[in-house]
Every structure is written in C-alpha cells, then in structure tokens.
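Engineer:
Residue numbers (our numbering): 511 to 800.
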C-alpha cells in the first residue's frame, strides 16, 4: 500500500514542469482541490513508496490520463466543424465530405468550377444538410462517421430533394449500409481491377463520356448490385456494375464503386482523364435543375 507522504504532482506536458499539489496522508481517502489552468496538456502524477507483501519499501509512480485544457477560440473552431460555413449567394452549394478517402482531392477538383460553391464537410450534421442540396461522400476513413442515424438522415434528405454521390465502400459494403437500397442494394466485392466503361451512354449522368474501357487511378473498385430503381451506367471489363444511379422521391442518388481522388498507397490525387470527366459529369447530373 502507498506510504504516507507520497507526493501528488501536476505536470505540464508542454514544458515538462511539475508542481506539487499535496501529499497522501494515511487513512485519508483523497485530495480535493480546484485548479485554474492555462490551455495545455497536463497529467496528475503520484510518486512515493509502498510496502510489498514482504514488507519491503519500493518506489512507485502512477500517472493519470492526459488532461487537455483548451481556450475558447479552440472550442469555437471545433464548433465550426459541425456547421456549414457562410456561403456566398453565387454558385450552387455542394458539400464534400473531406474526412473520406479522396475527399480533399475531389474538393480541389470541384473548386475549379465557376458555377459551384464547394465547401468542406467534416461532420454530417442536420445544419450541413440544411445548407446544401448536393453532397459528395467518399468512403469515410472511419466507418463510425456514418452510423445508422446519419444514414437515416441522409435517406430522408434525399427523399426531400437532396442529391448525393457516394464512392467506394459508401455504396454499402464492409460495415457501411447502403443509403438508398432501392437504387443500389449493396456492394458485392472489390475486384483488383483498374478499368471501367460506360454502358448507358444515353443517360444524362454519363452522356458524352469516352466510350470503351477507361482506367481509374486506384488499384481496385467496388462491384455493385443494383436495386429495382437503379440504372447501371458503367461496368468493369468483366461487366460487373461499378456505377448505379437513379431518382428517389424528389432527390437523386449515384453509387460509384470507384474511389476518384485517391491513388495507390492511399495518396490523395486530383482525378485526371476519363475519371475526372466521370466525376464532373455526375456532378453535372446532380446539379441539373437546381
């Protein structure tokens, strides 16, 4: 058991400085105090001696979890992550989930469009959904970021007129549920292929894209199972669907098994070539009529 006189220290992890807060007194249950701390990272440390079962004294040190103290400016910046930014009236607002694979590259690509006002999305909150009619959600880096509640909110948002493009696992595979199974039931696999081709050239979402097999940057893609309301717009070289789209009530939904914006090694890379044209064409279809 700890011996009387063991020191309780408060350590500033930034400056590696510690100051004594008090001492443990035998038969007292604890130390109650209040602190006024500057922003920073701190840790409580108890150090002293204890007697082992043989009665011999041994030194010991115990450390608490890190205590993180942040100022109001930092807390305000966190709040901004949960809300949509103030957007100019010019251009069609389009939110891009940047905490997904390829998200930042897609945002950079869409920022080149004069008719759009792209903005980064960190959390899929109701305020973000209220701010825009169009969203691009790549496969999230953490599946927990799109839980059942968020899936339901997205589904209701689409039914009310929202327009959504999802990529790779977000189509509904490996722990992520499909948003609109009536259009795309689920992902069925992840073949190691880098080729795709338009199969419905008259559909406005892919009209004018190059014909024949095209390449995409990432080393695989997700194959899809279309729902009864979905149209297969593109397949891979073995005719497995990789792009399914359709209307859901008042909204539109496109499930893309490719992951544009990402290169092998999970490196962010702005899409080029036919893959760039595909993204731009899908966004054009989503914005049509707004």
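Even for Gly, the Cβ is constructed at its ideal location relative to N, Cα and C.
Remember, it's a predicted structure, so these values are computed and weren't measured experimentally.
Using the rule of at least 16 other Cβ atoms within 10 Å of the residue's Cβ for burial, across every protein chain shown, is residue 576 buried or exposed?
Structural biologist: The residue is exposed, with fewer than 16 neighbouring Cβ atoms inside 10 Å.
Engineer: Beta strand (DSSP E) containing residue 752: first to last residue?
Structural biologist: Segment 751-758, the beta strand (DSSP E) holding residue 752.
Engineer: When we look at the beta-carbon of residue 629 and count the other beta-carbons within 10 Å, is it buried (16 or more) or exposed?
Structural biologist: It counts as buried.
Engineer: Taking the alpha carbon of residue 663 as the point to measure from, which residue in 645, 768 and 792 has its own alpha carbon closest?
Structural biologist: Nearest C-alpha to residue 663: 645.
Engineer: Go ahead and label residue 527 buried or exposed: buried means 16 or more other beta carbons lie within 10 angstroms of its beta carbon, across all protein chains shown.
Structural biologist: With fewer than 16 other Cβ atoms within 10 Å, it is exposed.
Engineer: Spatial neighbours of residue 600 within its chain, please: CB distance less than 8 Å, with the 5 preceding and 5 following residues excluded, ordered by chain position.
Structural biologist: Around residue 600: 627.
Engineer: Please specify which runs of the alpha helix (DSSP H), each continuous and at least 4 residues long, are wholly inside the segment 642-689, giving them in chain order.
Structural biologist: Fully enclosed alpha helix (DSSP H) runs of 4 or longer: 658-669.
Engineer: From 678, 551 and 682, pick the residue whose C-alpha is nearest to that of residue 657; which is it?
Structural biologist: With distances taken between Cα atoms, residue 657 lies closest to 682.
Engineer: Under the rule that 16 or more other beta-carbon atoms within 10 Å means buried, what is residue 643, buried or exposed?
Structural biologist: It is buried - the Cβ of residue 643 has at least 16 other Cβ atoms within 10 Å.
Engineer: When the Cα atoms are used, what is the spatial distance from residue 640 to residue 703?
Structural biologist: Using only the alpha carbons, I get a separation of about 38 Å.
Engineer: Taking all protein chains shown into account, do 16 or more other C-beta atoms lie within 10 angstroms of the C-beta of residue 649, making it buried, or fewer, making it exposed?
Structural biologist: Its Cβ being crowded by 16 or more others within 10 Å, residue 649 is buried.
Engineer: Closest to residue 758 by CA distance: which of 671, 680 and 696 is it?
Structural biologist: Considering only alpha carbons, the answer is 671.
Engineer: DSSP on residue 606, reduced to helix/strand/coil?
Structural biologist: Three-state result, residue 606: strand.
Engineer: Note the first and the last residue of the continuous beta strand (DSSP E) segment covering residue 559.
Structural biologist: Element bounds for residue 559: 550-561.
Engineer: What does DSSP give as the partner residues of residue 725 in its beta bridges?
Structural biologist: Its beta-bridge partners are 705.
Engineer: Does the segment 686-705 come within contact of the segment 775-786, defined as at least 3 CB pairs closer than 8 Å?
Structural biologist: Segments in contact, no.
Engineer: On the DSSP bridge list, what partners appear for residue 530?
Structural biologist: Answer is 519.
Engineer: Can you give the Cα-Cα distance for residue 669 and residue 624, rounded to whole angstroms?
Structural biologist: Going from the Cα of residue 669 to the Cα of residue 624 covers about 28 Å.
Engineer: In terms of alpha-carbon separation, which member of 736, 550, 763 and 560 lies closest to residue 517?
Structural biologist: The shortest Cα separation from residue 517 among 736, 550, 763 and 560 belongs to 560.
Engineer: With distances taken from CA atoms, which of 530, 564, 568 and 776 is nearest residue 554?
Structural biologist: The option with the nearest alpha carbon to residue 554 is 530.
Engineer: For residue 737 and residue 689, I'd like the C-alpha separation in whole angstroms.
Structural biologist: So the alpha carbons of these two residues sit roughly 12 Å apart.
Engineer: Near residue 542, what residues of its chain come up, given a Cβ to Cβ distance below 8 Å and the 5 sequence neighbours on each side ignored?
Structural biologist: At residue 542 the pLDDT is 49, less than 50, meaning the model places this residue with poor confidence; the figure from the coordinates comes in the next sentence. Same-chain partners within the cutoff: there are none.
Engineer: Check whether the segment 762-780 touches the segment 725-737, taking contact to mean three or more Cβ pairs, one atom from each stretch, closer than 8 Å.
Structural biologist: A contact exists between the segment 762-780 and the segment 725-737.
Engineer: Thinking C-beta only, is residue 673 closer than 8 Å to residue 787?
Structural biologist: In this structure, residue 673 does not lie closer than 8 Å to residue 787 by Cβ.
Engineer: May I have the straight-line CA-CA distance separating residue 523 from residue 548, to the nearest angstrom?
Structural biologist: Answer to the nearest angstrom: the Cα atoms are 12 Å apart.
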